[in-house]
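Heads up: the sequence shown is residues 78 to 231, going by my numbering. Built from N, CA and C at the ideal position, the CB exists for glycine as well. These numbers were taken from a predicted model, which means no experiment stands behind them.
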Amino acid sequence: MGIKAKVALGVVAGIVVISACSAATDDKGSNSSSDKGTSVSDTAGKKADKKTSKQPEKKAAGSQADQFKAFVNKNGSAKEKAAVTHITKVQGADKQNDIMDTADIYTDFTGGLMGEGAAPSELITSAFKDWKHSKNGLVTVYDATGETITNSEF
């Protein structure tokens, strides 16, 4: 058997092994035995019901800033409670996928990195870590002009 035949045989064997491994893994997109017997419209209807039932709950709970402030007012220290009174807006805290989660917190502090809000912003990021958890998240606190004060992983 020549070298070319050995290489070709190795390539074919590798493709077969990779194909077998990928076919054996459980893919969430494929139909499992529990999904059999349901039609596409049934599952689409269930997904639509879940989406519509969750939307009113979020609106009833208030904005992300209000939710975060409520959490800190319930669970935070006195200094954290004082720091979150300066929050004007929170973005990105509601959608997380653990791949690259980012949250932005806007405050009424002035002066940027070296301004009056440097220390309270650290308290805000600490409280945010207690509120939300992610494998790969980054929370950034901004001042009133949009300049970054601090950021931290959460």
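The residues 220, 222, 224, 225 and 226, in chain order, have a CB closer than 8 Å to that of residue 189 in the same chain once the five nearest residues on each side in sequence are set aside.
A check of alpha carbon separations from residue 200 across 218, 191 and 213 identifies 218 as the nearest.
Cβ neighbours of residue 231 within its own chain (closer than 8 Å, five residues either side excluded): 178, 180, 202, 205, 206, 209, 210, 211, 214, 215 and 216. Cβ-Cβ separation between residue 187 and residue 165: approximately 12 Å, too far for a contact (criterion under 8 Å). In the DSSP annotation of this structure, the continuous segment of the beta strand (DSSP E) that includes residue 181 starts and ends at 178-184. For residue 149 against residue 158, the beta-carbon gap comes to about 6 Å, under 8 Å, which counts as contact. For residue 168, the closest of 228, 85 and 140 by C-alpha to C-alpha distance is 140. Note on residue 80: under 16 other CB atoms within 10 angstroms of its CB, so exposed under the neighbour-count rule. Residue 160 sits buried, since 16 or more C-beta atoms from the chains shown fall within 10 Å of its C-beta. In the DSSP annotation of this structure, residue 190 is not part of any alpha helix (DSSP H), being labelled neither H nor E.
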